[in-house]
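There are 2 protein chains.
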Amino acid sequence: MNISTRFAVAIHICTLIDSNKEGKSTSEWIAGSVNTNPVVIRRITGMLHKAGIVDVRPGVAGATLARSTAEITLLQIYKAVNVVEEDSLFSVHEHPNPDCPVGKNIAGAIIPVFSLAQKAMENVLQEVTLEQIVNGIPVS
Amino acid sequence: MNISTRFAVAIHICTLIDSNKEGKSTSEWIAGSVNTNPVVIRRITGMLHKAGIVDVRPGVAGATLARSTAEITLLQIYKAVNVVEEDSLFSVHEHPNPDCPVGKNIAGAIIPVFSLAQKAMENVLQEVTLEQIVNGIPVS
DNA sequence: GTAGAATGTAACTATTATTGTTGCATCTAT
DNA sequence: ATAGATGCAACAATAATAGTTACATTCTAC
Numbered sequence: 000m001n002i003s004t005r006f007a008v009a010i011h012i013c014t015l016i017d018s019n020k021e022g023k024s025t026s027e028w029i030a031g032s033v034n035t036n037p038v039v040i041r042r043i044t045g046m047l048h049k050a051g052i053v054d055v056r057p058g059v060a061g062a063t064l065a066r067s068t069a070e071i072t073l074l075q076i077y078k079a080v081n082v083v084e085e086d087s088l089f090s091v092h093e094h095p096n097p098d099c100p101v102g103k104n105i106a107g108a109i110i111p112v113f114s115l116a117q118k119a120m121e122n123v124l125q126e127v128t129l130e131q132i133v134n135g136i137p138v139s
Numbered sequence: 000m001n002i003s004t005r006f007a008v009a010i011h012i013c014t015l016i017d018s019n020k021e022g023k024s025t026s027e028w029i030a031g032s033v034n035t036n037p038v039v040i041r042r043i044t045g046m047l048h049k050a051g052i053v054d055v056r057p058g059v060a061g062a063t064l065a066r067s068t069a070e071i072t073l074l075q076i077y078k079a080v081n082v083v084e085e086d087s088l089f090s091v092h093e094h095p096n097p098d099c100p101v102g103k104n105i106a107g108a109i110i111p112v113f114s115l116a117q118k119a120m121e122n123v124l125q126e127v128t129l130e131q132i133v134n135g136i137p138v139s
């Protein structure tokens, strides 16, 4: 199991858009850097657009960031591309035996822990901005 | 995406074994509480056995915990059932364009963050013992 | 207002992981 | 020896991912 590359690609896309303020960041151009199909890029920019992170319009070439890189966190991107459902990073088996004390109560005992663990991970993503990622890319 | 129920089931199994010190915790009996097939249980107890968490022997009915519930952490169980590969909770797209400054360096920029985020999640699991889970189950 | 170029999106495929299942070999205690 | 358990290989059903084709929609430039 692992979290879809959609998240890493979305970060890649946002970083690219920021680094290309002079040119037009079309899905085809972005796809060239990510090395995938333009439709995959459009799917993701569509999600980033719905989340208000990216501006993109039908018929108009090029996506842009909707706000500054310092105001975009990795958590926002992560939520935008929907790689992990709300509070369900960990899945719990359904229908344990209700006639067994353990079966009846196991979900209630572990779900709060799973929730805390997921939150801890997401808190790290919340503390990292797109600006920091961009600064991690050598200007070359 | 979400982490396999194998982890939740493994916790369920360990809790059950502890709550059943008088009886024999056979795969069939455990399967009755989890509400699944005994082979699924054997697969998981096999993994827990390899990790030294559970004692179980071919031909001998019943699994037991290899050490006290206070000495078993959720992180140990999590690692035992191999639900997330080492340092790869998040996956990164392969083969970004090496001729693009962003493509060439994006992996190096995001992997450390992904690593930190995963570690933060795992640290929570490390702080929770099986004993705490067991105590969260009403005696009824 | 039309042509060209881009985005949006549906539909399909290949691949992979999960979960459940059957069948059978192996092992142990009685 | 036998009964009953575990270990394990093999297979099916399901679901998510990633890539691809095709085409409708939209806008800009002319």
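Line by line, the protein sequences give chains D and H. Quick note, the first sequence lines up with residues 0 to 139 if you use numbering that gives the first Met the number 0. Quick note, the second sequence lines up with residues 0 to 139 if you use numbering that gives the first Met the number 0. C-beta: ideal position from N, C-alpha, C; glycine also.
Check: Under 8 Å between C-beta atoms, does Asn172 of chain H make it to chain D?; Outcome: Past the boundaries of the shown model lies residue 172 of chain H; chain H is included only from 0 to 139, so the question cannot be answered.
Check: Restricting to Cα atoms, I'd like to know which of H:Thr4, H:Arg5, H:Phe6 and H:Thr14 is closest to Gly135 of chain H.; Outcome: H:Thr14
Check: Any contact between the segment 1 to 10 of chain H and the segment 80 to 98 of chain D? By contact I mean 3 or more CB pairs, one from each, below 8 Å.; Outcome: yes
Check: Would DSSP call Arg56 of chain H helix, strand or coil?; Outcome: strand
Check: According to DSSP, Ile2 of chain D sits in a beta bridge with which residue or residues?; Outcome: H:Phe89
Check: Answer with buried or exposed for Gly102 of chain H, where buried requires no fewer than 16 other C-beta atoms within 10 angstroms of its C-beta.; Outcome: buried
Check: Would you kindly work out how many angstroms separate the C-alpha atoms of Phe113 of chain D and Ala106 of chain D, rounded to a whole number?; Outcome: 10 Å
Check: Between which residues of its own chain and Ala69 of chain H is the CB-CB distance below 6 Å, once the five residues before and five after are set aside?; Outcome: Thr128 and Glu130
Check: Contact between the segment 57 to 71 of chain D and the segment 17 to 24 of chain D: three or more CB pairs below 8 Å?; Outcome: yes
Check: Is it right to say Lys20 of chain D is buried, meaning 16 or more other beta carbons lie within 10 angstroms of its own, or is it exposed?; Outcome: exposed
Check: Contact defined as beta carbons within less than 8 Å: I believe Tyr77 of chain H pairs with Leu124 of chain H. What is the distance between those atoms, to the nearest angstrom?; Outcome: 5 Å
Check: For Gly45 of chain H, does the three-state DSSP call read helix, strand or coil?; Outcome: helix
Check: To which residues does DSSP link Thr63 of chain H through a beta bridge?; Outcome: H:Asp54
Check: Just mark Val138 of chain D as buried or exposed, buried being the case when its beta carbon has 16 or more other beta carbons within 10 Å.; Outcome: exposed
Check: Should Thr4 of chain D be flagged as near chain H, meaning a C-beta pair shorter than 8 Å?; Outcome: yes
Check: Who are the neighbours of Glu84 of chain D on chain H, taking C-beta pairs under 9 Å?; Outcome: Met0 and Asn1
Check: Quick one: grab the DSSP three-state call for Thr35 of chain D.; Outcome: coil
Check: Which of the three DSSP states is assigned to Thr25 of chain D in this structure?; Outcome: coil
Check: Where do the ends of the alpha helix (DSSP H) carrying Ala116 of chain D lie?; Outcome: Pro100 to Gln125
Check: Return the bridge partner residues of Thr72 of chain D from the DSSP annotation.; Outcome: D:Thr128
Check: According to DSSP, is Lys20 of chain H part of a helix, a strand, or is it coil?; Outcome: coil
Check: CB Ala65 of chain D to CB Gly51 of chain D, shorter than 8 Å?; Outcome: yes
Check: Going by the beta-carbon positions, is the gap between Met120 of chain D and Gln75 of chain H smaller than 8 Å?; Outcome: no
Check: Report the neighbours of Ser32 of chain H on chain D: residues whose CB is nearer than 7 Å to its CB, in chain order.; Outcome: Pro95, Asn96, Cys99, Val101 and Gly102
Check: Any beta carbon of chain H sitting closer than 8 Å to that of Gln117 of chain D?; Outcome: yes
Check: By the criterion of Cβ-Cβ separation under 7 Å, what are the contact partners of Val127 of chain D in chain H?; Outcome: Val112
Check: Taking Ala79 of chain H as the reference, give the member of H:Ile43, H:Ile29 and H:Gly31 with the closest Cα.; Outcome: H:Ile43
Check: Considering Cα atoms alone, identify which of D:Glu85, D:Val133 and D:Cys99 is closest to Gly31 of chain H.; Outcome: D:Cys99
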